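Have a look at the structure below, then the notes.
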Amino acid sequence: MQQVALESNAVFVSIEYLAILCWGLSGGLSAIKKGYDDIFSIMLCGWVTALGGGLFRDVMLGDLPPVGITDKGYVLTTLLSGVIAVFAHPEIKKLKWTMTLIDALGLGLFAVSGTEKALAFGTSGMTAIFLGMFTAIAGGLVRDLFLGDVPMIIRDRHLYAVPSFVGCILTVLVWRGAEHGMFDLRSEMMLDVLIVVVVVLIRVLSVAFNVTMPGALHRTHVYLPERRYLKRPVIHPHVDEDEADEEEADDDDNENGRGRQ
């Protein structure tokens, strides 16, 4: 199994822990905002937000038990984020751009690492892209469903899923290039770093300049072919012959009356 490049870089492992911490804080703040302010609910939402995506990825890959419950560092980091959210949530809410930047870092790192782990398990490129996106966004999706909110991936009109999708595609291309001997491990690590930077830039710039995904077109006229119907003959199956004769006589009288006039 090929080594995941980012996991061999201590700097990015540290940033990944920082991203887990911030995503845990984000989950805890969401619980507090919804009124679920007991410490268990805060820690549970933090754990789901930070590690839920990786848990789904590992289950789908058959890598059991998932790292979300076996890696002591990850679990303790999410528990620490819950404790911090309990005491410092008023101050954390003021750090909008800091949290946005670190959230974007986590988005890029988890997209790249999730895609590479899926590829290391021998999946196809398309499957790896989906699993990489699950790693990056599924935690927040499950958190919002738990709290009864519209998921962030739908609620946030800014570019959120798109940066992770771009990062996953680029990661697959770099991985395939490394498999064919185009890059050594050092070059692959540098390219992975560049992919994370691209994801962060797309996300942060979309928030800073209010770049949103296009929506449905507003149109007032509908272009559809006109409907044409065949006239059906009028049939009265329950009219007897006497009534039919009376109707014919009435028709003749009416015609004669029109002629005299």
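Count along the sequence shown from 1, add 1200, and you get the number used in this note's numbering. Think of the CB as a built atom: it goes at the ideal place given N, C-alpha and C, for glycine as much as any other residue. Since the model is a prediction, treat every value here as computed from it, not as a measurement.
Indicate the three-state DSSP secondary structure (helix, strand or coil) for residue i in the structure shown.
i: VAL1213; result: helix
i: THR1412; result: strand
i: ARG1460; result: In this prediction, ARG1460 scores a pLDDT of 49, lower than 50, which makes its location untrustworthy; no coordinate-derived value is stated.
i: GLN1203; result: Confidence is the limiting factor: at GLN1203 the pLDDT is only 48, short of 50, which leaves the residue's position unreliable, though a coordinate-based value still follows. Note: GLN1203 maps to coil in three-state DSSP.
Quick check on the DSSP output: the alpha helix (DSSP H) that includes residue i runs from which residue to which?
i: SER1281; result: 1272-1292
i: SER1364; result: 1361-1379
i: LEU1244; result: 1239-1261
i: ARG1355; result: 1352-1355
Assuming the contact rule is C-beta atoms closer than 8 Å, residue i and residue j should be a hit. Round their C-beta distance to whole Å, please.
i: VAL1398; j: GLY1367; result: 7 Å
i: THR1371; j: GLY1332; result: 7 Å
i: LEU1229; j: LYS1296; result: The pair is not a contact, with the Cβ atoms about 11 Å apart (cut-off 8 Å).
i: GLY1252; j: GLY1308; result: Contact flag wrong, Cβ pair sits at about 18 Å.
i: GLY1306; j: CYS1222; result: 6 Å
i: GLU1359; j: ILE1402; result: Correcting the residue identity first, residue 1359 is Leu in this sequence and not Glu. Right, their Cβ atoms sit about 6 Å apart.
i: ASP1392; j: VAL1374; result: 7 Å
i: VAL1213; j: ALA1304; result: 18 Å between Cβ atoms; not a contact.
i: LEU1347; j: ALA1231; result: 7 Å
Contact between the stretch 1277-1287 and the stretch 1238-1246 (3+ Cβ pairs under 8 Å): yes
Would you mind listing the alpha helix (DSSP H) stretches within the stretch 1310-1347 that are 4+ residues and don't spill past its ends, in chain order? 1325-1347
Across the stretch 1404-1415 and the stretch 1380-1390, are there enough close Cβ pairs to call them in contact, namely three or more that are closer than 8 Å? no
If you pair each beta-carbon of the stretch 1308-1319 with each one of the stretch 1253-1262, do three or more pairs fall below 8 Å? yes
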